[in-house]
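A quick write-up on the structure given underneath.
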Amino acid sequence: MTNALTVSGLTKTYQDFVLDQVSFSVPSGSIVGLIGENGAGKSTTIHAALGLIQKEAGQVSVLGREGLDGETREEIGVVFDGSNYPEILSPRKLNRVMKNIYRSWDETAYFRLLKQFSLPPEKRIKQFSKGMKMKLAISVALSHHSRLLILDEATSGLDPVIRDDILDMLLDFVQEEDHSILVSSHITSDLEKIADYIVFIHEGKVVFSRPKDELVEQYGIIKCGAAQFDALDKTDMIVYRKMDCEWQVLVADREKMQKKYPKAMVVPATIDEIMLLYVKGEK
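Here it is as structure tokens:
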């Protein structure tokens, strides 16, 4: 399987934060969700991978090419949280700007997307709601024949209906096998719907990079009292956490643990719960 994006050993040091040897890949035809709490390094990783900030170490390969030349940039659609374009422009005027930026700009596709998302071509962007601005940004990203979409907290602050529309758009995009997406989000329920893989960053380091189905279908949480916790085989534990009335233990094979500990309560784990246990639990 080829990769649309490969990040290897990415390192960037700030006064109070270090992005430390971050490595992961986005297989072609897949959606990879980048998760982590605020300040974990998701945006720094994306900015460094795109060459928007200078990295100290590491390699980035995009669509099979080292570095970001003009041809490669044409094939990447980038959407950041917030306003992506000058707010004084209307979508129609933005079209003229984009025609001068992208050789592969598809005006017909752009106006078709504006119509599909009910975005008024003549209205200034500053009069758009946050959801409309995000749909406009994604419309632009899809209108220069991108093969790789990179979205940084693109669904943050949007209502559930708009978020669902955007998730459907992303799923449609990857129906073509040479299309791929990297999407960072702290809304893990969105990624449970659409992601093929999950990359979890915590304090500037990759904690794990796993298939989403493996996390959701196989991982589990043992909920038990103190006596039962003490009786557990410590090699079965990934992380554990003491709550008010119980212990919570993250395990990698829910069914196996249920057979091994038939009197224990072993429940499925959401991505949110997995992330929370890794951040707040002990090893």
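Here the working numbering is used: position 227 in the sequence shown is 219, and no number is missing along the way.
The beta-carbon is built from N, C-alpha and C at its ideal position, and this holds for glycine as well.
Remember, predicted model here, so these are calculated numbers, not experimental data.
- Here DSSP, grouped into helix, strand and coil, assigns aspartate 170 to coil.
- Glycine 1 sits away from phenylalanine 192, with the two beta carbons spaced by 8 Å or more.
- The stretch 184 to 191 makes contact with the stretch 158 to 169, as at least three CB pairs between them are under 8 Å.
- Three or more beta-carbon pairs separated by less than 8 Å are not found between the stretch 57 to 64 and the stretch 72 to 81, which leaves the two stretches without contact.
- Per DSSP, proline 203 is one residue of the beta strand (DSSP E) stretching across 197 to 203.
- One thing to note: tyrosine 270 has its Cβ within 8 Å of the Cβ of valine 199.
- Assignment of glutamine 46 by DSSP, reduced to helix, strand and coil, places it in the coil class.
- Taking C-alpha positions only, threonine 147 is separated from cysteine 216 by approximately 36 Å.
- With three or more CB-CB distances shorter than 8 Å, the stretch 207 to 222 counts as touching the stretch 241 to 258.
- In the structure shown, the three-state DSSP call for glutamine 240 is strand.
- Going by beta carbons, threonine 37 and valine 14 fall inside the 8 Å limit.
- In the DSSP assignment, isoleucine 23 falls within the unbroken beta strand (DSSP E) covering 23 to 27.
- Per DSSP, glutamate 209 has no beta-bridge partner at all.
- With contacts defined as CB atoms closer than 8 Å, glycine 196 and aspartate 8 fail to qualify as a contacting pair.
- Annotated three-state conformation of histidine 178 is coil, per DSSP.
- Pairing methionine 90 with tryptophan 97, the inter-Cα distance amounts to about 7 Å.
- Its Cα nearest to that of isoleucine 173, the residue Leu162 stands out among Leu162, Asp182, Ile179 and Ser181.
- Spanning the alpha carbons of threonine 262 and asparagine 92 requires a straight line of approximately 45 Å.
- Closest in alpha carbon position to methionine 249, among Arg233, Asp228 and Leu268, is Asp228.
- With a 10 Å radius around the Cβ and a threshold of 16 neighbouring Cβ atoms, methionine 267 comes out buried.
- Checking the DSSP bridge columns, you'll see proline 19 partnered with Asn(-5).
- The continuous beta strand (DSSP E) containing tyrosine 189 extends over residues 189 to 194.
- Look at the stretch 32 to 119 and you find these whole runs of beta strand (DSSP E), each 3 residues long or longer: 49 to 54 and 68 to 72.
- Between isoleucine 130 and glycine 69, the alpha-carbon positions lie close to 8 Å from each other.
- Excluding the 5 residues flanking it on each side, serine 53 has same chain C-beta neighbours closer than 6 Å at Thr(-2), in chain order.
- Checking the DSSP bridge columns, you'll see methionine 257 partnered with Lys215.
- Under DSSP, tyrosine 232 takes part in a beta bridge, and its partners are Val241 and Glu274.
- A direct Cα-to-Cα measurement between phenylalanine 109 and aspartate 157 gives close to 9 Å.
- Taking C-beta atoms as the reference points, glycine 43 and leucine 26 fail to come closer than 8 Å.
- Under the DSSP assignment, leucine 224 falls outside any alpha helix (DSSP H); it carries neither an H nor an E label.
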